[in-house]
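Trainee: Here you go, one structure.
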Amino acid sequence: MNGGPITRFAPSPTGALHPGNARTALFSFLLARGGGGRFLLRIEDTDVARDGEDHLAGQLADLEWLGMNWDAGPGREDGRGPYRQSGRAAIYREQYARLEESGLSYPCFCSAAELEVSRKTQLAAGQPPRYAGTCRGLDATARAARLASGRRPALRFTVPAGETIRFDDLVRGPQAIESASLGDFLIRRADGGAVFFFCNAVDDALMGVTQVLRGDDHLSNTPRQLLLLRALGLEAPRYGHLPLLLDPNGSPQSKRRGSVTVAELRSQGYLADAVLNYLLRLGHHGAPDGWIGREQMAGVFRPDHLGRAPARFDLAQLDHWQREAVRRLSAEQAADWLASEFPADWPRDQRLAAVALLKDNLRLPADAQSWFAVLDGELEPFAREDLAVVADAGAAFFGPALEAYAAIGPDLGRLAEELKRRTGRKGAALFRPLRIALTGRHDGPELAALLPAIPAPLVRGRFEKAAGMRMD
RNA sequence: GCUCCCAUCGUCUAGAGGCCCAGGACACAGCCCUCUCAAGGCUGGUACGAGGGUUCGAAUCCCUCUGGGAGCGCCA
3 MNGGPITRFA PSPTGALHPG NARTALFSFL LARGGGGRFL LRIEDTDVAR
53 DGEDHLAGQL ADLEWLGMNW DAGPGREDGR GPYRQSGRAA IYREQYARLE
103 ESGLSYPCFC SAAELEVSRK TQLAAGQPPR YAGTCRGLDA TARAARLASG
153 RRPALRFTVP AGETIRFDDL VRGPQAIESA SLGDFLIRRA DGGAVFFFCN
203 AVDDALMGVT QVLRGDDHLS NTPRQLLLLR ALGLEAPRYG HLPLLLDPNG
253 SPQSKRRGSV TVAELRSQGY LADAVLNYLL RLGHHGAPDG WIGREQMAGV
303 FRPDHLGRAP ARFDLAQLDH WQREAVRRLS AEQAADWLAS EFPADWPRDQ
353 RLAAVALLKD NLRLPADAQS WFAVLDGELE PFAREDLAVV ADAGAAFFGP
403 ALEAYAAIGP DLGRLAEELK RRTGRKGAAL FRPLRIALTG RHDGPELAAL
453 LPAIPAPLVR GRFEKAAGMR MD
């Protein structure tokens, strides 16, 4: 295993996958693929209270849907796993032991309440709320005494004093943080559970990850992990911190505010390739204009073309890629895409025919409903201006239309010719009333293709009805 | 509260001192094409958050402010 970058996506299954997470995953995935490396998936399920198997399953499904196939991860073990942190307790124990032996960590007996008081006091004094170091100086007897009183200690990392921690962020550039601004941070809970700072950093190192792309919110935590890894003698990956993805109104994405999830987009019928084309351009530039196929994405992605400013998730832009994606669907693919929308009794060939006809006029599967009704059902009520067009043409137009249709059939060219001859109408004046009477709307596929697709009795019925229409 | 990050059209962005009275894409408007919508072609409007510097010259460098965000958790 040499050469290419090893990247990972490390979600915690505490909720649904949001576009922001998906983008982070995508960039990591493309970074690995583009460099001939490996993409890992690690599940950070250390929060017993909030984690859920259903969330996990949902996120995995979303990732697979987007085509981000992980080289190693849950269900694809490779010897460096397990890839769920809940299964790595023994590994963490070993690392904790090393840290404790080296004297770079110490047991902390402070209770949540005590810490809270300390935090508030510091805040009130205009100080940043950092761990005060209460338990740092405890000697062996003091520790023994507390242990004897039944207190379960957590483990804290000893942050060295007076040091400047430097690292070169893949997207932010050189960073320098004073260790004095860091408090001794927790690395193991009192119940023995591993804490994010610890297991996240340790796992990246142990799994051989070379580049970590993650959210901006981890930027100021990075020095801690660097310190920790150094103390452990493990090699740190390079970090790149992506700006957050915002809701359309500019606020951070959150479940509370009802931010859209990947699962929602999928269930609405957005196509994975559309989402991918959009995500690739959010906070990342240099991709050529126009559609980019999945296979080309890795070649287009450039980590040095990552932006630093937060981007908003804009459905209008997604919709553009969605239309493009739908257009690129074959009839078979489009039929699958619309599978749940078709009238149940339509046979496959009818579905394919309908789809070929309508595809380019659809954005989401739900849009198909009214068109299926046009082909095989009741028209929706006409909009006022549409009704006016039909009423204006009236019986003088639809009477001949009925006769011509009976004589000629669904050949629009000949039908139009005949109608032009008999009514004197031509161009829009001829086609518009026809279209509206037939479909109940003024947009849609070519009439010449539409007409043969509508059963004759329906055509006759619609012409008859149109002949009697009046503005009310 | 303290520390850190960010700031160009409505949106995504290009721009690393003169090539920018700021370019592209999406969206929007108009025109062309056309039976309609879409697609396609053409045209148009709209942006460097504010104020100070530095410089012959600043969207680009510095400072302040404003706005937004993050971190400081026995959450991740």
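The opening position of the first sequence corresponds to residue 3 in this note's numbering, with each subsequent residue numbered one higher. The beta-carbon is built from N, C-alpha and C at its ideal position, and this holds for glycine as well.
Here's the rule: buried if 16 or more other CB atoms are within 10 angstroms of the residue's CB, otherwise exposed. What is His307?
Mentor: Exposed, because fewer than 16 other Cβ atoms sit within 10 Å of the Cβ of His307.
Trainee: Exposed or buried, Leu317, counting other C-beta atoms within 10 Å across all chains shown (16 or more means buried)?
Mentor: With fewer than 16 Cβ atoms within 10 Å of its Cβ, Leu317 is classed as exposed.
Trainee: How many angstroms separate the CA atom of Met471 from the CA atom of Gly396?
Mentor: Between Met471 and Gly396, the C-alpha separation is close to 7 Å.
Trainee: Sort out for me which residues DSSP pairs His243 with in a bridge.
Mentor: In DSSP, His243 forms a bridge with Arg216.
Trainee: If you reduce the DSSP assignment to three classes, tell me which class Ala1 lands in.
Mentor: The shown model of the chain, from 3 to 474, leaves out residue 1, and the question about it has no answer.
Trainee: Using a Cβ-Cβ cutoff of less than 6 Å, which residues in the same chain neighbour Gly446 once the five nearest sequence positions on both sides are dropped?
Mentor: For Gly446, where only same-chain residues beyond five positions count, the Cβ hits under 6 Å are Asn363.
Trainee: Between the alpha carbons of Glu466 and Ala370, how many angstroms are there, rounded?
Mentor: Rounded to whole angstroms, Glu466 to Ala370 spans 25 Å at the Cα level.
Trainee: Count the CB pairs spanning the region 296-307 and the region 317-337 that are closer than 8 Å, and state whether there are at least three.
Mentor: Too few Cβ pairs lie closer than 8 Å, so no.
Trainee: Per DSSP, what kind of secondary structure is Ile456 in: helix, strand or coil?
Mentor: Looking at Ile456 - three-state DSSP - the assignment turns out to be coil, as it is neither helix nor strand.
Trainee: Threshold first: 4 residues or longer. Then list the alpha helix (DSSP H) segments lying entirely within the region 247-320, N to C.
Mentor: Runs of the alpha helix (DSSP H) inside the region 247-320: 264-270, 274-282 and 296-302.
Trainee: Could you round the C-beta distance between Gly242 and Val197 to whole angstroms and report it? I think they count as a contact, below 8 Å.
Mentor: With 8 Å as the limit, Gly242 and Val197 do not qualify as a contact, their Cβ atoms being about 23 Å apart.
Trainee: Restricting to Cα atoms, I'd like to know which of Pro312, Pro345 and Leu278 is closest to Phe29.
Mentor: Among Pro312, Pro345 and Leu278, the Cα nearest to that of Phe29 belongs to Leu278.
Trainee: For the alpha helix (DSSP H) containing Cys201, list its first residue and its last residue.
Mentor: Phe198 to Leu208 is the extent of the alpha helix (DSSP H) around Cys201.
Trainee: At which residues does the beta strand (DSSP E) containing Gly175 begin and terminate?
Mentor: First-last of the beta strand (DSSP E) with Gly175: Gly175 to Glu180.
Trainee: With a threshold of 8 Å on Cβ separation, who are the neighbours of Leu234 within its own chain once the five nearest residues in sequence on each side are excluded?
Mentor: Gln97, Arg100, Leu101, Val204 and Ala207.
Trainee: Considering just the uninterrupted stretch of the alpha helix (DSSP H) at Tyr407, what are its terminal residues?
Mentor: From DSSP, the alpha helix (DSSP H) with Tyr407 extends over Arg386 to Ile410.
Trainee: Would you mind working out which of Ala74, Ala431, Phe111 and Arg310 sits nearest Arg216, comparing C-alpha positions?
Mentor: Among Ala74, Ala431, Phe111 and Arg310, the Cα nearest to that of Arg216 belongs to Arg310.
Trainee: How far does the alpha helix (DSSP H) with Ser372 in it reach, from first residue to last?
Mentor: Start and end: Ala370 to Asp378.
Trainee: Terminal residues of the continuous alpha helix (DSSP H) containing Ala144?
Mentor: Taken as a continuous stretch (DSSP letters only), the alpha helix (DSSP H) holding Ala144 covers Ala142 to Ala150.
Trainee: Between Ala156 and Arg168, is the Cβ-Cβ spacing less than 8 Å?
Mentor: No, the Cβ-Cβ distance between Ala156 and Arg168 is not below 8 Å.
Trainee: According to DSSP, is Leu236 helix, strand or coil?
Mentor: Leu236 falls in the coil class under three-state DSSP.
Trainee: Do you know offhand how far Ile8's Cα is from Asp347's?
Mentor: About 50 Å.
Trainee: How do the region 385-403 and the region 414-434 stand: do at least 3 beta-carbon pairs fall below 8 Å, yes or no?
Mentor: In short, these stretches touch, since the Cβ pair count reaches three.
Trainee: Quick one: Cα of Met209 to Cα of Ala146, how far?
Mentor: When rounded, the distance between both Cα atoms is 36 Å.
Trainee: Expressed to the nearest angstrom, what Euclidean distance is found between the alpha-carbon atoms of Ala408 and Glu448?
Mentor: About 21 Å.
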